[in-house]
Structures are given as C-alpha cells and as structure tokens.
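The listed protein sequences derive, respectively, from chains A and B. Just so it is clear: in the first sequence, position 17 is 17 by the numbering used here, and no numbers are missing. Each number in the numbering used here corresponds to the 1-based position in the second sequence with 1000 added. Even for Gly, the Cβ is constructed at its ideal location relative to N, Cα and C. Keep in mind that this is a model prediction, so the values were computed, not measured. Written below as structure tokens is the structure these notes are about.
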Amino acid sequence: TDPQVVAAARAHLMAAAA
Amino acid sequence: TDAGTPIVASLVLDAADTDEATRSAAERALSAWLAVVGGTGASHYGVFAEGLAGRHLGLLAAAHVRPGLRRLAAASRRALVRRTALDTWRTSDVGWEDYDMIMGPAGALLALAADPEVMPTDLAPLTAHLVTLCDRPELERFRLRQRLDERYSPWNQDRINVGVAHGVPGVALALCAALDASGDDAGIRAALRRVADWLVAEAYPDPLGFITWPTVARENRPPARDVAEQPTARQAWCYGTPGVAWAVWEIGRVLDDDGLQQLGRTAISSFLDAGCPNGNIALRESLAICHGDAGLLVLCDAFHRHAGLAAAGAVRDLLYARLRARLTELTPWSATNYALLNGPAGVLAALLTRPGADRTWLYTVGLR
Chain A
1 TDPQVVAAAR
11 AHLMAAAA
Chain B
1001 TDAGTPIVAS
1011 LVLDAADTDE
1021 ATRSAAERAL
1031 SAWLAVVGGT
1041 GASHYGVFAE
1051 GLAGRHLGLL
1061 AAAHVRPGLR
1071 RLAAASRRAL
1081 VRRTALDTWR
1091 TSDVGWEDYD
1101 MIMGPAGALL
1111 ALAADPEVMP
1121 TDLAPLTAHL
1131 VTLCDRPELE
1141 RFRLRQRLDE
1151 RYSPWNQDRI
1161 NVGVAHGVPG
1171 VALALCAALD
1181 ASGDDAGIRA
1191 ALRRVADWLV
1201 AEAYPDPLGF
1211 ITWPTVAREN
1221 RPPARDVAEQ
1231 PTARQAWCYG
1241 TPGVAWAVWE
1251 IGRVLDDDGL
1261 QQLGRTAISS
1271 FLDAGCPNGN
1281 IALRESLAIC
1291 HGDAGLLVLC
1301 DAFHRHAGLA
1311 AAGAVRDLLY
1321 ARLRARLTEL
1331 TPWSATNYAL
1341 LNGPAGVLAA
1351 LLTRPGADRT
1361 WLYTVGLR
C-alpha cells in the first residue's frame, strides 16, 4: 500500500473519530 | 453518516501492511460511525448521506473487516428487504426519491445486489418498480414533476435526467446489478433494452470531439442550447462521458449487445483522446468522485479491468499520480467532510482500491 495515501487516510480517519 | 468512513476504514484494515497507528485510527472511526448511525434515523433509500442504501453498504464494508458486525449487517439487510417489500413509490409525477440512486430505490437495489447474502426474491419489489418506470418508449415516467428545491438543479424541473446520480443511467446500472445478482429476468432485459435505445438516441458529439450525453433529455432541442441552460458542461462520474458511457457499456454487457458496448468504448476512448475536458469546476470538486478526478479514476479503472481498455488503464495511472500530488489538500477538508461522493473519503477510497483491494464499495457508485 502507498504510504503517503495511508498517511492521508489515517489523518482523515482520526478526524472522523474525533 | 454515509458510507465514506466505514469504506475508508475497511480498506485500510483489509490491507495486510497497514501500520498499527492507522489500524487504531480506523477502528476508532468505525466505532464513531456506528454510534452515529445507531443514534439517527435514515431519511431516504439512497446511497447519499442518511440513506438506507449507503448505511447498508457501509455496514457490509465494516463487517468484512470486523466479523462481529455480521449480525448488525444481517439486521440491516432484513430491515431493508422488509421495508422495500412494504413500501410503494410513485410511477408518475415522480421526484428523485421515487427512483434515483442518491435518494431512491435504485440506491437500495444497488446495496442489496452488492450483498451476497441477499436472495434474488428479495430484490423483486425494487426491480418490479424500476422496470415499471421504464415501460414507455420515451421513458416519460421519469419526467421530474415533484417540485425541486430552487437552490439545487432547478433545470431538472419537468425534464428527464440523463445522469448516473439522479437519472435514467443510474437506474440502468442498478438493474444491471440486479440481473447479475438474480440470474436471467425477461422483465429487466426488456426495461434495459428500452433504456439502451433511448440512450443511443440521446448520445451526441461534443464540439471538443468526443461522444457524450446531455444532463437532461434533449427532446428535439439542440444539445448546445441544453448545455447553455446549465451551470457547466459537466463530464464526470455524475453526467455525460465517462459516467453514462459506463452505464451504456454495462447495459451492452448484460444484454450481450456488441453495438452498445462499442458505443460505450467509443465514448470513453474519444473523451480520453480529447484530454478529459470536464467543464469549469471548483478546486475541491475537482478532487471528488461526483465531479472530479477520483470519479474519473474509478471509471477508468473499471473500463480497464472489465472492458480491457488499455488507454483507460494508462489514464487511471496518471490520475492516481495527480491525486497523490494533491493529498495535502485533503487534510483540512477532512475536518468537516466525511462524504463519499462529494468529499475526501471518496478520494481516499479511490486511491486505496489498488489491485487486490476489496471492490464491494464500488457498488455505492454503480461500479464494481
């Protein structure tokens, strides 16, 4: 998996979880 | 509360090489989504926002990576099947909620067709309704007669929409998915034949040199006037080529009609050759599935994967690189938007759907 895409996904999921 | 969050979460959790910090964020986002969905009622049948179809597809994605959620997905399935068996929709003087993918029965049918646990008979009430809507040669039943909110797409009033999201091609994609899920059905085939003939008649050459479709049925008006009436000459997932080209190719596949499949291929190929001109759209919109690059990416991927179109695979790779270069634009957007169709979740889902990824979520947008 593309690490930069995964990092953006992590940021998005953290925002969705907040 | 659409399926954006569970789909992105399930795609990262499904990948074997995802790091622990990302897994933890995905688990927490999934729990937050489940808490919101459990606490609010659904407002319509479709895939968009608080729709039942979007929620069911989100639950299917979540249960794929968290098997403990299978019982909840089963309850959602039973509720959706029971509700569609009891409900009725208008077959004349219709509004979006009577047929479309975004708010109506086409969305519910896509969600149930994507679910391997659904029985073919469970699809029958939805397919019967959509087949009835297609029973006139000019598809007159799809003419929008319910009053539309003047802030949104007022040019649809008393017209027949030719888009994937709100129009006849989206209904056709749902019927194609139902035919795949349920085996042969003469009624669905006849409906798709009428839709196909209508879409062939609506196709026209854009002045920029590609084959496309209008946003609403032309009805003997020249397409140039049709475009001038509307905010943009949009070519995207939602309208024109590539979205409608995909619907035409899919109808050709299920009807085993080489001519239709060739029209779909010619449309997308001519659009790619013209450099994918998609009208004037705002910067964030240019990223998303509905009007932007993420939608074009998943469509190019579908044309490459299912239609064997090499040129579409090459453009898909260019779009991947272009979206990847704009990832920093997603982070501030993610603070306020969790939508699949118009938001950053759809961009991430498109980028995470590399070879080997679970593709079930693509039913949410009429793809596979």
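query, result
"DSSP-derived helix/strand/coil call for tyrosine 1363 of chain B", "helix"
"Inter-residue Cα distance where the pair is glycine 1187 of chain B and proline 1169 of chain B", "17 Å"
"Straight-line Cα distance separating tyrosine 1204 of chain B from proline 1294 of chain B", "The question names proline, but residue 1294 of chain B in the sequence shown is alanine. Cα to Cα, the separation comes out at about 25 Å."
"Inter-residue CB distance, glycine 1375 of chain B and alanine 1288 of chain B (contact presumed, cutoff 8 Å)", "Given a span of 1001 to 1368 for chain B in the structure shown, any question on residue 1375 of chain B remains unanswerable."
"Alpha-carbon to alpha-carbon, arginine 1221 of chain B and alanine 1228 of chain B", "Here alanine 1228 of chain B scores only 47 on pLDDT, less than 50, and its place in the model is too uncertain to base an answer on."
"Closer than 7 Å at the beta carbon, the chain A residues around proline 1344 of chain B", "His12"
"Residue nearest to histidine 1306 of chain B in terms of C-alpha spacing, selected from B/Tyr1320, B/Ala1325, B/Gly1264", "B/Gly1264"
"Neighbour flag for leucine 1013 of chain B against chain A, beta carbons, 7 Å", "no"
"Selection from B/Glu1117, B/Thr1132, B/Val1131, B/Ala1113 that minimises the alpha carbon distance to leucine 1123 of chain B", "B/Ala1113"
"Any C-beta of chain A under 7 Å from that of arginine 1028 of chain B", "yes"
"Which listed residue (B/Leu1179, B/Leu1052, B/Leu1060, B/Phe1142) has its alpha carbon closest to that of alanine 1217 of chain B", "B/Phe1142"
"Through-space distance from leucine 13 of chain A to proline 1332 of chain B, alpha-carbon basis", "13 Å"
"Interface flag, alanine 1025 of chain B vs chain A, CB-CB below 7 Å", "yes"
"8 Å contact criterion, which glycine 1104 of chain B and glycine 1046 of chain B should meet: CB distance rounded", "6 Å"
"Classification of valine 1200 of chain B by the beta-carbon crowding that lies within 10 angstroms, buried from 16 upward", "exposed"
"Residues of the stretch 1152–1164 of chain B whose Cβ lies closer than 8 Å to any Cβ of chain A, in chain order", "none"
"Beta-carbon gap between arginine 1145 of chain B and aspartate 1100 of chain B smaller than 7 Å", "no"
"Three-pair Cβ contact test at 8 Å for the stretch 1320–1328 of chain B versus the stretch 1336–1351 of chain B", "yes"
"Minimum Cβ-Cβ distance from aspartate 1017 of chain B to chain A less than 7 Å", "yes"
"CB contact check: valine 1118 of chain B to chain A, cutoff 7 Å", "no"
"CA-to-CA distance, glycine 1004 of chain B to leucine 1330 of chain B, given in whole angstroms", "14 Å"
"C-alpha distance - histidine 1166 of chain B paired with isoleucine 1102 of chain B, whole-angstrom precision", "7 Å"
"CA nearest to the CA of threonine 1132 of chain B, picked from B/Arg1090, B/Asp1180, B/Asn1161, B/Ala1015", "B/Arg1090"
"Partners in chain A for valine 1298 of chain B, counting only beta-carbon separations shorter than 9 Å", "Going along chain A, no residue has its Cβ under 9 Å from valine 1298 of chain B, so there is no contact; the nearest lies around 14 Å."
"Beta-carbon neighbours of threonine 1364 of chain B, restricted to chain A and to distances below 8 Å", "Per Cβ cutoff of 8 Å: no residues; threonine 1364 of chain B is ~17 Å from chain A at best."
"When B/Asp1185, B/Ala1074, B/Leu1362 are compared against alanine 1128 of chain B, the one with the closest alpha-carbon", "B/Asp1185"
"Nearest residue (CA-CA) to alanine 1236 of chain B, options B/His1056, B/Leu1341, B/Asp1115, B/Ala1178", "B/Leu1341"
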